[in-house]
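S.K.: For the record, in the sequence shown the residue sitting at position 92 is 92 according to full-length UniProt numbering, with numbers rising by one throughout. Even glycine gets a Cβ: it sits at the ideal position worked out from N, Cα and C. Predicted model, so just to flag it, every value in this text is computed and none were measured.
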Amino acid sequence: MATTLLPGWLDSTIRIVRGVWILLVLFLSLFVGSSSFHSPLLLLLWSFSSRFWRTLNSTFIEMWHTLFIFYLEVWNSKRWLVSGDDVPPKERAFIISNHPSEVDWMCWWPIAWRKGMVGDLKVILKKEIAYLPALGNGMDDLEFLFLERDWEKDKNTVAHRIESWNRDETPLWLTFFPEGTDFNRIKHEKSIKYAAEHNLPSYRNLLVPRITGFVSCVKMLGTHIDAIYDFTLCYTGSPKPNPLRALMDLAPKEVHLHIRRYPISTIPLNDDEKLKDWIFQCWKEKDELLDHFKQHQRFPDSKQGGGAVELKPSRLLYAWFLWWLSLISLALYRCVASPGFLLLVVAATAVRVATTYHTKTRQWRGLLPPDDYAAGKKQE
Numbered sequence: 001m002a003t004t005l006l007p008g009w010l011d012s013t014i015r016i017v018r019g020v021w022i023l024l025v026l027f028l029s030l031f032v033g034s035s036s037f038h039s040p041l042l043l044l045l046w047s048f049s050s051r052f053w054r055t056l057n058s059t060f061i062e063m064w065h066t067l068f069i070f071y072l073e074v075w076n077s078k079r080w081l082v083s084g085d086d087v088p089p090k091e092r093a094f095i096i097s098n099h100p101s102e103v104d105w106m107c108w109w110p111i112a113w114r115k116g117m118v119g120d121l122k123v124i125l126k127k128e129i130a131y132l133p134a135l136g137n138g139m140d141d142l143e144f145l146f147l148e149r150d151w152e153k154d155k156n157t158v159a160h161r162i163e164s165w166n167r168d169e170t171p172l173w174l175t176f177f178p179e180g181t182d183f184n185r186i187k188h189e190k191s192i193k194y195a196a197e198h199n200l201p202s203y204r205n206l207l208v209p210r211i212t213g214f215v216s217c218v219k220m221l222g223t224h225i226d227a228i229y230d231f232t233l234c235y236t237g238s239p240k241p242n243p244l245r246a247l248m249d250l251a252p253k254e255v256h257l258h259i260r261r262y263p264i265s266t267i268p269l270n271d272d273e274k275l276k277d278w279i280f281q282c283w284k285e286k287d288e289l290l291d292h293f294k295q296h297q298r299f300p301d302s303k304q305g306g307g308a309v310e311l312k313p314s315r316l317l318y319a320w321f322l323w324w325l326s327l328i329s330l331a332l333y334r335c336v337a338s339p340g341f342l343l344l345v346v347a348a349t350a351v352r353v354a355t356t357y358h359t360k361t362r363q364w365r366g367l368l369p370p371d372d373y374a375a376g377k378k379q380e
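1. Go through the stretch 266-329 residue by residue and report every complete run of the alpha helix (DSSP H) that reaches 4 residues or more, in order.
2. Taking C-beta to C-beta, are E310 and D226 nearer than 8 Å?
3. Anyone know if the C-beta pair for T157 and W105 falls short of 8 Å?
4. Beta-carbon within less than 7 Å of Y71's beta-carbon, same chain only, minus the 5 sequence neighbours each way: which residues are those?
5. Is the separation between the beta-carbon of L132 and that of V218 shorter than 8 Å?
6. CB-CB under 6 Å to M200, same chain, minus the five flanking residues each way: which ones, in chain order?
7. How is the beta strand (DSSP E) around H258 delimited, first residue to last?
8. So if DSSP puts I233 in a beta bridge, which residue, or which two residues, is it bridged to?
9. Pull up the DSSP beta-bridge partners for F176, would you.
10. Alpha carbon to alpha carbon, what distance is there between S49 and E169?
11. Tell me, please, which residues DSSP counts as bridged to L344.
12. Does DSSP classify L142 as helix, strand or coil?
13. Out of curiosity, what's the CA-to-CA distance linking R315 and I61?
14. Indicate whether the contact test is met: 3 or more Cβ pairs, each with one atom in the stretch 75-83 and one in the stretch 147-163, closer than 8 Å.
15. Between the Cα of V123 and the Cα atoms of P241, L56 and W108, which residue gives the shortest distance?
16. Please say whether K286 and T232 have beta carbons closer to each other than 8 Å?
17. So does the stretch 255-264 actually touch the stretch 286-301, counting three or more Cβ pairs closer than 8 Å?
18. Which residues mark the beginning and the end of the alpha helix (DSSP H) in which L221 is found?
19. Could you give the DSSP three-state label for I225: helix, strand or coil?
20. How would you label G84, buried or exposed, when you count the other beta carbons within 10 angstroms and need 16 or more for buried?
21. Rounded to the nearest angstrom, how far is the Cβ of P178 from that of F146, given a contact under 8 Å?
22. Have a look at E102, G138 and E73 and flag the residue whose alpha-carbon is nearest the alpha-carbon of W113.
23. Just confirm the distance between the C-beta atoms of D291 and R204, as a whole number of angstroms; I'd bet it's less than 8 Å.
24. Kindly indicate which residue of L45, V103 and M117 has the alpha-carbon position closest to the one of M63.
25. Mapping the DSSP letters down to three states, classify R114 as helix, strand or coil.
26. Check whether the Cβ atoms of W165 and L121 sit closer than 8 Å, and answer yes or no.
27. In or out: H65 buried (at least 16 other Cβ within 10 Å) or exposed?
28. Quick one: Cα of P241 to Cα of C282, how far?
29. On the CB-based measure, 16 or more other CB atoms within 10 Å of its CB, does residue 413 come out buried or exposed?
30. Quick one, which of F31, L44, L343 and D154 has its alpha-carbon nearest I328's?
31. Do I228 and Y194 have their C-beta atoms closer together than 8 Å?
32. In its own chain, which residues sit with a C-beta less than 7 Å from the C-beta of I69, not counting the 5 before and 5 after it?
33. The beta strand (DSSP E) with I129 in it runs from where to where?
34. Hey, N98 and L206 are a contact pair by Cβ (cut 8 Å); roughly how many whole angstroms apart?
35. Contact defined as beta carbons within less than 8 Å: I believe G119 pairs with T181. What is the distance between those atoms, to the nearest angstrom?
36. Reducing DSSP to helix, strand and coil, say where K122 ends up.
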């Protein structure tokens, strides 16, 4: 991160004020969404057509994500450097990536927005996040998949959701972190020990990938996706990001993303052993990429000779930010001027949050498989 000429106390105060202000804007946008775009009445559309609901939902999510992308690219002035293979717009893909921090999946937003897929970006995360107030409910709207990291417990949840996406031909960028958790020194030492005990390859910069979840997801998605994207992610400029550092503009100022695209026709979908060999080979090459980055502070040029491309903030982001500020201001005015509207906002938000904790409602929304799903799978 660039050094500042301000006194330490003043710099810290400015960062806190900036962080609180953007948090307030993001929080208020949730209220606006709960009372309009994502009102409980909209959920009723799910009963009539999950495909139509997903189409509308994707549009609303794309609108909302422009606020986050403005924050990342403009407000915090981050540099986004993308190298490797170009990916076509509107392509259905399964994304695998290394996992250096807790918020890596947010780094896909700028490129997903430019490829027309930010409203269709979904992530497989640990279950605990689903129960965070407001945040967990918002991730439900994004159709994120929450797992207990025990495949016997998770396999039906994953199968049910992927079947639903396949059935509706949902546009999809589904992100899976094969390492299962973010990287640090202690976890790396445990991973090396585990690899030695189970006769698996170990890595200098990565944890051993979890094979069962990867193989199962790829086989379930099958030819319903067009490609697998292998993302390799690195940060420079400061310690690795977490939600608090990102909010206070203490996260790294440069995000480096290297992309490898594998058409699904090149993936051995019908052979589990070959799929395992494939992911291990990917991890070997990824380890070498990370070695190169450590030495040169950049990823190698592509085979075509091209280097990293910096993503420049679009003027559209400024327009969307002003649109959101106008919408939030109008909603706040209506809350003050109309007690009925305020009651609607509070009631709608309460209903949305309550659905996060109610199993039957989550099943109705397709977030969890029905009680008889496992029995039905056994009969097939």
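M.R.: In brief:
1. Those alpha helix (DSSP H) runs which fall completely within the stretch 266-329 and span 4+ residues are 272-296.
2. Numbered from its first residue, the sequence shown carries residue 310 at position 310. Numbered from its first residue, the sequence shown carries residue 226 at position 226. Contact: no.
3. In the sequence shown, residue 157 corresponds to position 157, counting from 1. In the sequence shown, residue 105 corresponds to position 105, counting from 1. Not closer than 8 Å, so no.
4. If you number the sequence shown from 1, residue 71 lands on position 71. Correct list, in chain order: I22.
5. Along the sequence shown, read from residue 1 onward, the residue named residue 132 stands at position 132. Along the sequence shown, read from residue 1 onward, the residue named residue 218 stands at position 218. Their beta carbons are not under 8 Å apart, which means L132 does not touch V218 by this criterion.
6. For the purposes of this step, residue 200 is taken as the residue at position 200 of the sequence shown. In the sequence as displayed, the identity of residue 200 is Leu instead of Met. Cβ neighbours of L200 beyond the five flanking positions: V208.
7. As a position in the sequence shown, residue 258 is number 258, starting the count at 1. Its beta strand (DSSP E) spans residues E254 to P263.
8. Position 233 of the sequence shown, counted from the start, is the residue given in the question as residue 233. A small fix is needed here, since residue 233 is Leu in this sequence, not Ile. The partner list for L233 (beta bridge, DSSP) reads L257.
9. Within the sequence shown, numbered from 1, the residue matching residue 176 stands at position 176. Paired residue(s): I96.
10. Translated into positions along the sequence shown, residue 169 becomes position 169. Translated into positions along the sequence shown, residue 49 becomes position 49. Whole-angstrom Cα-Cα distance: 13 Å.
11. By 1-based counting over the sequence shown, the position of residue 344 is 344. DSSP, once it has assigned bridges, lists no residue as partnering L344.
12. Your numbering for residue 142 matches position 142 in the sequence shown. DSSP places L142 in coil when its eight states are reduced to three.
13. Taking the first residue of the sequence shown as 1, we reach residue 315 at position 315. Taking the first residue of the sequence shown as 1, we reach residue 61 at position 61. Spanning the two alpha carbons is a distance of roughly 19 Å.
14. no
15. In the sequence shown, the residue the question calls residue 123 occupies position 123. When each option's Cα is compared against that of V123, the closest is W108.
16. Here residue 232 refers to the residue found at position 232 of the sequence shown. Here residue 286 refers to the residue found at position 286 of the sequence shown. Yes, the Cβ-Cβ distance between T232 and K286 is below 8 Å.
17. Proximity of the stretch 255-264 to the stretch 286-301 meets the contact definition, three or more beta-carbon pairs being nearer than 8 Å.
18. Position 221 of the sequence shown holds residue 221. I211 to L221 is the span of the alpha helix (DSSP H), which, as asked, contains L221.
19. As a position in the sequence shown, residue 225 is number 225, starting the count at 1. Coil at I225, not helix or strand.
20. Here residue 84 corresponds to residue number 84 of the sequence shown, with the count starting at 1. Buried, by the Cβ-count rule.
21. Reading the sequence shown from its first residue, position 178 is the one you call residue 178. Reading the sequence shown from its first residue, position 146 is the one you call residue 146. Their Cβ separation, rounded to whole angstroms, is 17 Å, which puts P178 and F146 out of contact at 8 Å.
22. Stepping through the sequence shown from its first residue, residue 113 is reached at position 113. Ranking the options by Cα distance to W113, first place goes to E73.
23. Position 291 of the sequence shown holds residue 291. Position 204 of the sequence shown holds residue 204. Sure, about 7 Å apart at Cβ, within 8 Å.
24. As a working note, residue 63 is residue 63 in the sequence shown. Checking every option, the nearest Cα to that of M63 belongs to M117.
25. Residue mapping note: residue 114 aligns to position 114 of the sequence shown, counting from 1. R114 falls in the helix class under three-state DSSP.
26. By one-based count along the sequence shown, residue 165 stands at place 165. By one-based count along the sequence shown, residue 121 stands at place 121. Their beta carbons are not under 8 Å apart, which means W165 does not touch L121 by this criterion.
27. As a first step, residue 65 must be located in the sequence shown, where it is residue number 65. The Cβ neighbour count for H65, taken over all protein chains shown within 10 Å, is at least 16; the residue is labelled buried.
28. The residue given as residue 241 occupies position 241 in the sequence shown. The residue given as residue 282 occupies position 282 in the sequence shown. Using only the alpha carbons, I get a separation of about 25 Å.
29. This structure cannot speak to residue 413, because the chain is shown only from 1 to 380.
30. Indexing the sequence shown from 1 puts residue 328 at position 328. Answer by Cα proximity: F31.
31. Here residue 228 is taken as the residue at index 228 of the sequence shown, counted from 1. Here residue 194 is taken as the residue at index 194 of the sequence shown, counted from 1. Judged by beta-carbon spacing, Y194 lies beyond the 8 Å limit of I228, meaning their Cβ atoms are not closer than that value.
32. The sequence position of residue 69 within the sequence shown is 69, counting from 1. Answer for I69: W109, P110, W113 and L317, listed in chain order.
33. If you number the sequence shown from 1, residue 129 lands on position 129. Counted as a single uninterrupted DSSP element, the stretch harbouring I129 is not any beta strand (DSSP E), since DSSP gives it neither H nor E.
34. For the purposes of this step, residue 98 is identified with residue 98 of the sequence shown, where counting begins at 1. For the purposes of this step, residue 206 is identified with residue 206 of the sequence shown, where counting begins at 1. That belief holds up - the Cβ atoms of N98 and L206 are roughly 6 Å apart, short of 8 Å.
35. To locate residue 119, count along the sequence shown from 1; it is residue 119. To locate residue 181, count along the sequence shown from 1; it is residue 181. About 27 Å; that fails the 8 Å criterion.
36. For this step, residue 122 is matched to residue 122 along the sequence shown. Strand, per DSSP.
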